[in-house]
Amino acid sequence: MKLNTVIIGGGISGICTAYHLAENNVKNIAVIEKNYLGSGSTFRCATGIRASFTSEEHITLMKKSIELWKKLSEKHQFHYTRGGYLWLIKNKKQLEFFKKCIALQNSLGVPTRILEVEEIEKLVPRINKKDIIAAAYDPIAGKADPFEVIFKLAKACRQRGVKILTDTEAEKIIVKNGRVTGVETSKGLIETSTVIVAAGHETRKLLGKIKIQIPLENTPHHILITERFREAFKPLVIDWTTSSYIVQTKEGNFIMGTEIEEKPNTKPTTRIDFIPKIIKTWTKHLSWLKAVRILRYWTGYYVTSPDKHPIYGPIEEVEGLYVAAGYSGHGFMMGPITGKIITEWILNGKPSIPQAEKLTLKRIRENKLIKEIAVIG
């Protein structure tokens, strides 16, 4: 098989990149996925979408991604809503930290603000106000259904001629004389001059086979979902002290996660301490949650880079080779902007958002890391 472009990885990054390429009239595209679409981090995520970060790069990219989320959801009729993010603040030190974050976010066009306790109650009725002195509120943040998003965008890709090959593992990228010539897969060789590796932690293994070292770690994270309940609140709520979150899905289930210490690059296991910790946090804030039953608990990975920002763009040593990986838990929300800027790199030689150019592998090689603090769960 001979194609113009091969995208390795059928999660949100791969599907969005295929979509944007096809929208720009690129022909003969294939997405190859070793399992089923969304089977990596995408279908294990907490659904949140925000621009309330602590680096200019994340804020700028996510502000644009939020614009794209709205356009894509309207065009392809998948669930996306802007219910906001609410960060609970419990002491003066946290308050000062969030004021600094908000100043940066506001300067970049994100309308986050500090809320008084009475305003918090309006967004989350019946919340226990004890220990909460204020909150940081991101009104343009929201959530989407990962399953609906992937299936609707994959359908749109197929309608535009994209080949989506599931149960097809990329075994090796073929490079000759410093340029990509193909991908060896479990179902045979695909000849191509352009490869985008958006395969999560597998990106590290694939690039390692051609002697490109990319520092990605797979860190297990834990999450659960409850039975359905009538709508209780719209925002995704974060307890900054415990790095815990709770969000209600469109069907009414509550998804909850919290920080549990794990060693990177280890297989996820069921943690007996996870459920008590998360339940203690959220029943303290929302006492009525004690009556809601847990349906399922699962583990996934944050595929992390050294500075908790994605690694984007061309690989300098190999012509025609691009990467999109290492989102540190933010890959789902960044999907639309990832697809856009990788497409621009391929077609125009650079992205339209200058901050994206700071996120190539080169920054890590030169030790020009970019600090991000607002990583939760």
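Residue 1376 is where the sequence shown starts when you use our numbering, and the numbers rise one by one after that.
No residue lacks a Cβ here, since even glycine has one placed at the ideal position from N, Cα and C.
Taking residue i as the reference, which of the options has the closest Cα?
| i | options | result |
| --- | --- | --- |
| Asp1648 | Tyr1672, Lys1465, Phe1428 | Tyr1672 |
| Asn1723 | Gly1688, Tyr1460, Met1708 | Gly1688 |
| Ala1573 | Tyr1702, Asn1399, Asn1400, Asn1742 | Tyr1702 |
| Ser1619 | Pro1711, Ile1635, Thr1380 | Ile1635 |
| Leu1661 | Glu1544, Leu1540, Thr1718, Ile1495 | Ile1495 |
| Gly1517 | Val1381, Glu1747, Gln1623 | Gln1623 |
| Gly1704 | Gly1553, His1576, Phe1522, Leu1479 | His1576 |
| Leu1664 | Pro1639, Glu1606, Gln1452 | Glu1606 |
| Ile1751 | Gln1452, Leu1591, Ile1621 | Ile1621 |
| Ala1519 | Leu1447, Met1376, Ile1669, Ala1510 | Leu1447 |
| Ile1587 | Ile1721, Val1667, Ser1416, Ile1548 | Ile1548 |
Can the beta-carbon of residue i be found less than 8 Å from the beta-carbon of residue j?
| i | j | result |
| --- | --- | --- |
| Leu1378 | Thr1556 | no |
| Val1537 | Ala1397 | yes |
| Ile1507 | Ile1464 | yes |
| Leu1483 | Lys1438 | yes |
| Ile1390 | Gly1706 | no |
| Ile1539 | Ile1717 | no |
| Thr1594 | Tyr1676 | yes |
| Glu1692 | Gly1563 | no |
| Ser1680 | Leu1591 | yes |
| Phe1453 | Glu1559 | no |
| Leu1461 | Ala1509 | no |
| Gly1413 | Gly1385 | yes |
For residue i and residue j, which I take to be in contact (beta-carbon distance under 8 Å), what is that distance rounded to the nearest angstrom?
| i | j | result |
| --- | --- | --- |
| Val1485 | Asp1513 | 7 Å |
| Lys1392 | Thr1713 | In the sequence on display, residue 1392 carries Thr and not Lys. With a Cβ gap of about 7 Å, Thr1392 and Thr1713 count as contacting. |
| Tyr1411 | Thr1541 | 5 Å |
| Ile1650 | Ile1630 | Going by Cβ atoms, the distance from Ile1650 to Ile1630 rounds to 14 Å, so no, they are not a contact pair. |
| Phe1604 | Gly1632 | With a Cβ gap of about 18 Å, Phe1604 and Gly1632 do not count as contacting. |
| Pro1610 | Leu1744 | Contact doesn't hold; Cβ gap of about 31 Å is too wide. |
| Ile1598 | Arg1419 | 7 Å |
| Met1708 | Pro1685 | The pair is not a contact, with the Cβ atoms about 11 Å apart (cut-off 8 Å). |
| Thr1674 | His1596 | 7 Å |
| Leu1443 | Lys1715 | 7 Å |
| Leu1736 | Ile1589 | 6 Å |
How should residue i be labelled, buried or exposed, when 16 other C-beta atoms within 10 angstroms of its C-beta is the threshold for buried?
| i | result |
| --- | --- |
| Lys1584 | exposed |
| Ile1615 | As written in the sequence, residue 1615 is Trp, which differs from the Ile given in the question. Flag for Trp1615 reads buried. |
| Gly1423 | buried |
| Ile1748 | exposed |
| Pro1500 | exposed |
| Thr1641 | exposed |
Using a beta-carbon distance below 8 Å, is residue i in contact with chain D?
| i | result |
| --- | --- |
| Ser1568 | Here there is only one protein chain, and chain D is not present. |
Using 8 Å as the cut-off, can you tell me whether the stretch 1420-1439 makes contact with the stretch 1725-1732, which would need three or more C-beta pairs spanning the two stretches below that distance? Yes, the stretch 1420-1439 is in contact with the stretch 1725-1732.
For the stretch 1404-1419 against the stretch 1543-1554, do three or more pairs of beta-carbon atoms, one drawn from each stretch, fall closer than 8 Å, so that the two count as touching? By the C-beta criterion, the stretch 1404-1419 is judged to be in contact with the stretch 1543-1554, since at least 3 inter-stretch pairs fall below 8 Å.
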